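Residue numbers (the working numbering), protein chains in the order written: chain A, 1 to 185; chain B, 186 to 370.
Protein chains: 2
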Amino acid sequence: MSKRELLMKTARKLFAESGFYGTPTALVAKEAGVSNGILFHYFPTKEILVKSLYQDIKDRIFNYSMTQIYNGATLKESIYTLWLASVEWNLEHPEDFEFMLQFENSPYYDEEVERAQRYVQMNLELIEQGIDQGIFKHFNPLFVVRILTSLVETTVKHLNKNQTLNEDFEYKSRLFEMAWDAIKK
Amino acid sequence: MSKRELLMKTARKLFAESGFYGTPTALVAKEAGVSNGILFHYFPTKEILVKSLYQDIKDRIFNYSMTQIYNGATLKESIYTLWLASVEWNLEHPEDFEFMLQFENSPYYDEEVERAQRYVQMNLELIEQGIDQGIFKHFNPLFVVRILTSLVETTVKHLNKNQTLNEDFEYKSRLFEMAWDAIKK
DNA sequence: AGAAATATAGACTATTCAGTCAATTTAGAT
DNA sequence: ATCTAAATTGACTGAATAGTCTATATTTCT
Numbered sequence: 001m002s003k004r005e006l007l008m009k010t011a012r013k014l015f016a017e018s019g020f021y022g023t024p025t026a027l028v029a030k031e032a033g034v035s036n037g038i039l040f041h042y043f044p045t046k047e048i049l050v051k052s053l054y055q056d057i058k059d060r061i062f063n064y065s066m067t068q069i070y071n072g073a074t075l076k077e078s079i080y081t082l083w084l085a086s087v088e089w090n091l092e093h094p095e096d097f098e099f100m101l102q103f104e105n106s107p108y109y110d111e112e113v114e115r116a117q118r119y120v121q122m123n124l125e126l127i128e129q130g131i132d133q134g135i136f137k138h139f140n141p142l143f144v145v146r147i148l149t150s151l152v153e154t155t156v157k158h159l160n161k162n163q164t165l166n167e168d169f170e171y172k173s174r175l176f177e178m179a180w181d182a183i184k185k
Numbered sequence: 186m187s188k189r190e191l192l193m194k195t196a197r198k199l200f201a202e203s204g205f206y207g208t209p210t211a212l213v214a215k216e217a218g219v220s221n222g223i224l225f226h227y228f229p230t231k232e233i234l235v236k237s238l239y240q241d242i243k244d245r246i247f248n249y250s251m252t253q254i255y256n257g258a259t260l261k262e263s264i265y266t267l268w269l270a271s272v273e274w275n276l277e278h279p280e281d282f283e284f285m286l287q288f289e290n291s292p293y294y295d296e297e298v299e300r301a302q303r304y305v306q307m308n309l310e311l312i313e314q315g316i317d318q319g320i321f322k323h324f325n326p327l328f329v330v331r332i333l334t335s336l337v338e339t340t341v342k343h344l345n346k347n348q349t350l351n352e353d354f355e356y357k358s359r360l361f362e363m364a365w366d367a368i369k370k
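See the structure below:
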């Protein structure tokens, strides 16, 4: 693994544990087993490190989600697939999840950062379809995407606390019904 | 206003603007027009200041909500009243809202802090009723409360961005239907 | 009034931390 | 083989900041 990757991996872990305000750059470098200087060589400021991490995580969720969708699915199936992909992915990557929660509620996060995500774009298209077809309640599509996202987050937190339910797909589909009922007409 | 109150008021404002990591205690004291020493007299650590603020805000939301509920309401009406109270209150107190979002996604926040809130207790009771009566989907009541809370947050963010909708009660009741549909059977 | 307790001031400190820099090593190109 | 550019080191710095401490003022109690 390149030192750059090593730094990102370590930062992800430490940031998830102690938050990015609670984690000195020096510690990231030390834990990654590289010098302080090289961290600032790859990431000129801490803010750039943090934002790069976020970008990277979102890209990985996006790529994973892409492998899950399939042709010929109904709208509900597509939304379910994306919903489940996001839930599963976050369950399997708790560090990324923790970090993302913090980031999205930090001053670094704004609408521009959000819209830039291919992941958001993908969801947006589906939601717009659903609204046009009169299947979904008539609201601003980006708002509906945010509703879904916030329900995914709450759901993941819930499943993280109840590990026994983690493999229960019938339960998960009941959880999905909450999200679906919220947005459908 | 006592210096203690003055400090809390100032902290609320500054924390909302720049986050509590981005706001030095010295600045809080300075902006409040009091000495540094007195801040630490009332709040021995910054953490205590932050937690006190949170407690205070939650108490005020709770008190406001209490004035809104009324006897003889159906379950749906009660839930709506609480939902609307929370939405309105957050809209009218953007500083408190900003601060709360940050706090609830910070290391300071945990389940103990959450359960201690009278506000959560009040919601919990209603939700338990709904589940017992078979009106709501059958899930852990605390989880359902969190679902509602997260929907309130997303809704408030949405309304904050679209000020024109702020007075539109018909629109708000459509927003409530999302939350209601999510939890009802 | 006088003692005791509490409130207030503000200078000071010890530490922490993001970021710099000059020196050294490694890799790549010709 | 030599030159050049990029990677890497780690000691260092300057600013920021939570919390301390001593001195003074104000209130409260008897």
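We treat Cβ as the ideally placed atom computed from N, Cα and C, and that holds for glycine.
It should be emphasised that the depicted structure is a prediction, and the values quoted were computed from it without experimental measurement.
| query | result |
| --- | --- |
| Residue nearest to A/E170 in terms of C-alpha spacing, selected from A/L91, A/Q121, A/L84, A/L53 | A/L84 |
| CB contact check: B/M285 to chain A, cutoff 8 Å | no |
| Beta-ladder partner(s) of A/K184, from DSSP | A/F136 |
| Chain B contacts from the segment 81 to 107 of chain A (Cβ-Cβ distance under 9 Å) | L101, Q102, E104, N105, S106, P107 |
| Start and end residues, alpha helix (DSSP H) containing A/S78 | 75 to 92 |
| Residue closest to B/H343, alpha-carbon to alpha-carbon, out of A/P141, A/E95, A/V156 | A/P141 |
| Neighbour flag for B/E232 against chain A, beta carbons, 8 Å | no |
| Sequence ranges, alpha helix (DSSP H) only - wholly within the segment 109 to 179 of chain A, length at least 4 | 111 to 115, 118 to 132, 141 to 161 |
| Host alpha helix (DSSP H) of A/N63 (start-end) | 46 to 68 |
| Reduced DSSP category for A/G37 - H, G, I as helix; E, B as strand; rest coil | helix |
| Sequence-distant residues of the same chain with beta carbon closer than 7 Å to B/T340, five excluded per side | V272, L360 |
| Collapsed DSSP secondary structure at A/G103 in the structure displayed | One point to set straight first is that residue 103 of chain A is Phe, not Gly, in the sequence displayed. Three-state DSSP puts A/F103 in a helix. |
| Partner residues on chain B for A/G22, Cβ-Cβ distance less than 9 Å | Y206, P292 |
| Assigned exposure category for B/I233 - 16 Cβ within 10 Å defines buried | exposed |
| Cutoff 8 Å; reference A/S78; Cβ partners in own chain excluding five residues on either side | I69, L126 |
| Chain B within 8 Å of A/L75, Cβ atoms only | no |
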